[in-house]
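Enquirer:
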Amino acid sequence: MIMSAYKIEVENLNAWYDYKHVLIDINMKIKERTVTAIMGPSGCGKTTLIRCLNRMHELVPKAKVSGKVIFNNLNIYDNNVDPTWIRRKIGMVFQKPNPFPMMSIYDNVAFGPKIHGIKKRSILDKIVKQSLEMAGLWEEVKDDLQKPASALSGGQQQRLCIARALALEPEVILMDEPTSHLDPISATKIEMLIRKLAENYTVVIVTHNMQQAARISDYVAFLYMGRLVEYGPTKEVFERPKNELTERYITGKIS
Amino acid sequence: MNELYSKFRSLKDKIMHILVYLALIIALIPLFSILFEVFIRGISAINLDFFIKPTPAVGEIGGGVANAIQGTLITIGLASIIGVPIGIITGIFLSEYSENKLYTIIRLLNELLNGMPSIVIGLFAYVLIATVVGFSVMAASFALALIMIPIVSITTEEALKLVPASIREAAIALGTSRWKTVIFVALRITKKAIITGILQAIARIAGESAPILVTMGYWKWWFAGLDRPVANLALDIFLFAKSPFENWIVLAWGSALILIIIILSINIVARIIMKERY
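Protein chains in written order, with our numbering: chain A, 2 to 256; chain B, 353 to 630.
Given below as structure tokens:
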């Protein structure tokens, strides 16, 4: 079998909430170690699309999916695929920072590895340190690892959530508007972090913010009313959009 | 005119305030007079013998309720061992598995049990256990466990429902299975609320007398096995108080004081646990 150059291939993906058809025939191929931004107006299906990529969509009652999402040559919707395995390999960071309350910073990061069977303290220590370093939080919290995660600022909490996802050594990181609840300085830190993460990981990020998409992504997808209107290298899409809808969105005529 | 109206309003406000405080005092009078009476009469019964000696024979001087304290602790302990795990599991089921076919039935049974008079629960335990093994700790603890289950399960269910969906999603997105999310995230976050529920259930059964009466009856000796009866503080109060013996009546007041102190301390501990959160 020839390994594809793409990390994720979405083929004819359709998604529903009950009878509401929210994603219609999505086809897109996502390259390894790139940042792909998904943008579009509210309610266009951006979040649903990334939630389909790690099988989080199906957790909503009455939600349905059809089509394929091929990850490392494996269709994640095949019957014999364990969704918990997929979610380990394809991590997710949410819109609002959601560290586990009543748990320390250390326990938050160590949670994933512990759940998946790593018990040795020395290994966990190493994972926690590496993950926090990668998330650019280590220097700020190294002396406070036992403090509750809720004591951190919003921006720090979001980086903690990124560290928590990284602790499982995923291959893909999905981010759902990770900066929308943060102040501009914290948001910039996360954006720089995303660029750095793309050296080792494939990042797919949903964003409301076109400037952000232009700053951090290599590829951009424009979604409108559940359809993928345009998808290509960021520069091309922003400078020479092929579709009239994309152009209207970029120039602020639809939002 | 305007000034007069404003004066009238502030007068009305004052009168309402006075009425509210008056109502509060009226409501508190019986409570405090009970506590006062029990304290004054009970304190005279309390000495070292009270805690280390068993029930005195009729006509005997002194003695204590050590056997009843022992019996109450054993009965409550056994009831908790049975009732708490079942209550927690029921609470988890009601909160997390509402799509299950059994959900409606279990929810209904749980609510029914919660509203059931304790004497009826006692009779049920009597028929089921006391008629087979006889009046015993087992039968009494079983009855008390049935009283505990809905209290524990309702607190557990309500606490788990307050765990935000975003926190559950965080765990699931890390590849955590559903039951591990419940145990390692949801229960961990709600631990304190659940412990408070357990303590409240214990405080509730510590004062139960009706189910004890029908399942175990009165027993004035020490613990002699789970298939035998054992003494009980709440029941002692009932029996001692209506006896004609001066010494027993004094012990009844002492027992009442101890029981109130036990229940009050459990409630205070529960409140402290609830407040301590980060």
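Just so you know, even glycine gets a beta-carbon here, dropped at the ideal spot from N, CA and C. Predicted, not measured: the structure shown is a model, and the values here were computed from it.
In its own chain, which residues sit with a C-beta less than 8 Å from the C-beta of GLY269 of chain A, not counting the 5 before and 5 after it?
Expert: Only positions 2 to 256 of chain A appear in the structure, and residue 269 of chain A is not among them; the question remains open.
Enquirer: Only counting the same chain, and skipping five residues up and downstream in sequence, which positions put a Cβ closer than 6 Å to that of THR607 of chain B?
Expert: Counted from its first residue, the second sequence places residue 607 of chain B at position 255. Sequence inspection shows Ser at residue 607 of chain B; the Thr mentioned does not correspond to that position. The answer, listed in chain order, is VAL417, LEU585, ASP588, ILE589.
Enquirer: Counting along the chain, where does the beta strand (DSSP E) carrying ARG107 of chain A start and finish?
Expert: For the purposes of this step, residue 107 of chain A is taken as the residue at position 106 of the first sequence. Here residue 107 of chain A is Tyr; the residue named in the question, Arg, does not match the sequence. Per DSSP, TYR107 of chain A belongs to no beta strand (DSSP E); it is in the alpha helix (DSSP H), 106-116.
Enquirer: On the DSSP bridge assignment, give the partners of PHE223 of chain A in chain order.
Expert: Working through the first sequence from its first residue, we reach residue 223 of chain A at position 222. Note: PHE223 of chain A sits in a beta bridge opposite A:MET40, A:GLU231.
Enquirer: With burial defined as no fewer than 16 other Cβ atoms inside 10 Å of the residue's Cβ, what is the status of HIS58 of chain A: buried or exposed?
Expert: The residue given as residue 58 of chain A occupies position 57 in the first sequence. Answer is buried; the Cβ neighbour count reaches 16.
Enquirer: Counting contacts by CB-CB distance shorter than 7 Å, is GLY113 of chain A in contact with chain B?
Expert: Counting from 1 along the first sequence, the entry for residue 113 of chain A is found at position 112. True, the Cβ-Cβ gap to chain B drops below 7 Å.
Enquirer: Using only the alpha-carbon positions, how far apart do TYR630 of chain B and SER105 of chain A sit?
Expert: The residue given as residue 630 of chain B occupies position 278 in the second sequence. The residue given as residue 105 of chain A occupies position 104 in the first sequence. Below a pLDDT of 50, predicted positions are generally treated as unreliable, and TYR630 of chain B, at 43, falls in that range; the measurement from the model is reported next regardless. Cα-Cα distance, rounded: 11 Å.
Enquirer: So with Cβ pairs under 7 Å, would you call MET176 of chain A a contact of chain B?
Expert: What you label residue 176 of chain A is simply residue 175 of the first sequence in a count that begins at 1. No, no contact with chain B.
Enquirer: Under 8 Å between beta-carbons, which chain B residues line up against LEU60 of chain A? List them in chain order, please.
Expert: For the purposes of this step, residue 60 of chain A is taken as residue 59 along the first sequence, with counting starting at 1. Within chain B, the residues near LEU60 of chain A are GLU521, ILE524.
Enquirer: Do ALA553 of chain B and ILE503 of chain B have their C-beta atoms closer together than 7 Å?
Expert: Residue 553 of chain B sits at position 201 when you count from the first residue of the second sequence. Residue 503 of chain B sits at position 151 when you count from the first residue of the second sequence. Going by C-beta atoms, ALA553 of chain B is nearer than 7 Å to ILE503 of chain B.
Enquirer: So with CB distances below 7 Å, who are the chain A contacts of ARG540 of chain B?
Expert: Position 188 of the second sequence, counted from the first residue, corresponds to residue 540 of chain B. Ordered by position in chain A, the residues that pass the 7 Å Cβ test against ARG540 of chain B are MET103.
Enquirer: Return helix, strand or coil for PRO149 of chain A, following the three-state DSSP convention.
Expert: In the first sequence, residue 149 of chain A corresponds to position 148, counting from 1. Strand.
Enquirer: Which parts of the stretch 394-455 of chain B are runs of the alpha helix (DSSP H), unbroken and 4 residues or longer, counting only runs that do not cross its ends?
Expert: As far as the stretch 394-455 of chain B is concerned, its whole alpha helix (DSSP H) runs of at least 4 residues are 400-404, 418-448.
Enquirer: Step through the CB atoms of chain D and report whether any lies within less than 7 Å of the CB of ARG56 of chain A.
Expert: Within the model displayed, chain D is absent; protein chains A and B are what it includes.
Enquirer: Using a Cβ-Cβ cut-off of less than 8 Å, give me the residues of the stretch 536-569 of chain B that come near chain A, in sequence order.
Expert: Of all residues in the stretch 536-569 of chain B, PHE536, VAL537, ARG540, ILE541, LYS543 have a Cβ within less than 8 Å of some Cβ in chain A.
Enquirer: So, GLY41 of chain A versus LEU224 of chain A, is the Cβ gap smaller than 7 Å?
Expert: Translated into positions along the first sequence, residue 41 of chain A becomes position 40. Translated into positions along the first sequence, residue 224 of chain A becomes position 223. Yes. Within cutoff.
Enquirer: Going by DSSP in three states, HIS209 of chain A sits in which element: helix, strand or coil?
Expert: Reading the first sequence from its first residue, position 208 is the one you call residue 209 of chain A. It is coil, neither helix nor strand.
Enquirer: Of all Cβ atoms in chain A, is any one closer than 7 Å to the Cβ of LYS532 of chain B?
Expert: Within the second sequence, numbered from 1, the residue matching residue 532 of chain B stands at position 180. At least one chain A Cβ lies under 7 Å of LYS532 of chain B.
Enquirer: If you draw a straight line from the alpha carbon of ASN354 of chain B to that of ILE381 of chain B, how long is it in whole angstroms?
Expert: Here residue 354 of chain B refers to the residue found at position 2 when the second sequence is read from its first residue. Here residue 381 of chain B refers to the residue found at position 29 when the second sequence is read from its first residue. Rounded to the nearest angstrom, the two C-alpha atoms are 41 Å apart.
Enquirer: Between B:THR507, B:TYR478, B:LYS532, B:LEU465, which has its C-alpha nearest ASP579 of chain B's C-alpha?
Expert: As a first step, residue 579 of chain B must be located in the second sequence, where it is residue number 227. Measuring from the Cα of ASP579 of chain B, the nearest candidate turns out to be B:TYR478.
Enquirer: Within 10 Å of its beta-carbon, does GLN147 of chain A have 16 or more other beta-carbons around it, so buried, or fewer, so exposed?
Expert: For the purposes of this step, residue 147 of chain A is identified with residue 146 of the first sequence, where counting begins at 1. Label assigned to GLN147 of chain A: exposed.
Enquirer: Measuring only between beta-carbons, confirm whether ARG122 of chain A sits less than 7 Å from chain B.
Expert: Taking the first residue of the first sequence as 1, we reach residue 122 of chain A at position 121. No, ARG122 of chain A does not count as interfacial toward chain B.
Enquirer: Quick one: residues in its chain with C-beta nearer than 8 Å to the C-beta of MET2 of chain A, no 5 flanking neighbours on either side, listed in chain order?
Expert: Here the question's residue 2 of chain A lines up with position 1 in the first sequence. Low local confidence applies: a pLDDT of 45 at MET2 of chain A is under 50, so the model's placement there is unreliable, with the coordinate-based value given in what follows. The answer, listed in chain order, is ASN74.
Enquirer: Any idea if MET135 of chain A is buried or exposed, counting beta-carbon neighbours within 10 angstroms, 16 or more meaning buried?
Expert: Taking the first sequence and counting its residues from 1, one reaches residue 135 of chain A at position 134. With 16 or more Cβ atoms within 10 Å of its Cβ, MET135 of chain A is classed as buried.
Enquirer: In whole angstroms, what separates the C-alpha of ASN619 of chain B from that of PRO563 of chain B?
Expert: One-based indexing of the second sequence puts residue 619 of chain B at position 267. One-based indexing of the second sequence puts residue 563 of chain B at position 211. If I take the Cα positions, the gap works out to 22 Å.
Enquirer: Entirely within the stretch 571-622 of chain B and at least 4 residues each: give me those alpha helix (DSSP H) ranges in chain order.
Expert: Listed in chain order, the complete alpha helix (DSSP H) runs (minimum 4 residues) inside the stretch 571-622 of chain B are 585-593.
Enquirer: For GLY156 of chain A, report the span of its alpha helix (DSSP H) as first-last.
Expert: Working through the first sequence from its first residue, we reach residue 156 of chain A at position 155. Here the alpha helix (DSSP H) through GLY156 of chain A covers 155-167.
Enquirer: What whole-angstrom Cβ distance do ASN244 of chain A and VAL221 of chain A have, given they're in contact under 8 Å?
Expert: Locating residue 244 of chain A in the first sequence gives position 243, counting from the first residue. Locating residue 221 of chain A in the first sequence gives position 220, counting from the first residue. Incorrect: roughly 12 Å between the Cβ atoms, too far for contact.
Enquirer: How many angstroms separate the CA atom of GLY137 of chain A from the CA atom of LEU376 of chain B?
Expert: To locate residue 137 of chain A, count along the first sequence from 1; it is residue 136. To locate residue 376 of chain B, count along the second sequence from 1; it is residue 24. Straight-line Cα distance between these residues: approximately 57 Å.
Enquirer: For LEU430 of chain B, which residues of its own chain have a beta-carbon under 6 Å away from its beta-carbon, when the five flanking residues on both sides are left out?
Expert: Against the second sequence, residue 430 of chain B aligns to sequence position 78. Excluding sequence neighbours, LEU430 of chain B sits near SER493.
Enquirer: Could you say which of A:ASP19, A:ASP26, A:ARG88 lies nearest to LYS63 of chain A if we only look at CA atoms?
Expert: One-based indexing of the first sequence puts residue 63 of chain A at position 62. Among A:ASP19, A:ASP26, A:ARG88, the Cα nearest to that of LYS63 of chain A is on A:ASP19.
Enquirer: Contact check, LEU496 of chain B vs ILE557 of chain B under 8 Å by CB: the rounded distance?
Expert: Taking the first residue of the second sequence as position 1, residue 496 of chain B is located at position 144. Taking the first residue of the second sequence as position 1, residue 557 of chain B is located at position 205. Between ILE557 of chain B and LEU496 of chain B the Cβ distance is about 4 Å, and since that is below 8 Å, they are a contact.
Enquirer: THR567 of chain B to LEU591 of chain B, Cα distance in whole Å?
Expert: In the second sequence, residue 567 of chain B corresponds to position 215, counting from 1. In the second sequence, residue 591 of chain B corresponds to position 239, counting from 1. Their Cα atoms are separated by approximately 16 Å.
Enquirer: Going along chain A in order, which residues have a C-beta closer than 9 Å to the C-beta of THR528 of chain B?
Expert: By 1-based counting over the second sequence, the position of residue 528 of chain B is 176. Under the 9 Å cutoff, chain A gives THR85, ARG88, PHE112, GLY113, ILE116, HIS117.
Enquirer: Rounded C-beta distance between ILE519 of chain B and ASN99 of chain A? I'm assuming under 8 Å.
Expert: Walking along the second sequence from the start, residue 519 of chain B turns up at place 167. Walking along the first sequence from the start, residue 99 of chain A turns up at place 98. About 6 Å separates the two Cβ atoms, so the contact holds.
Enquirer: Among the residues of its own chain, which have a CB less than 7 Å from the CB of ILE666 of chain B, if the five just before and after it don't count?
Expert: In the structure displayed, chain B extends from 353 to 630; residue 666 of chain B sits before or after that span and is not available.
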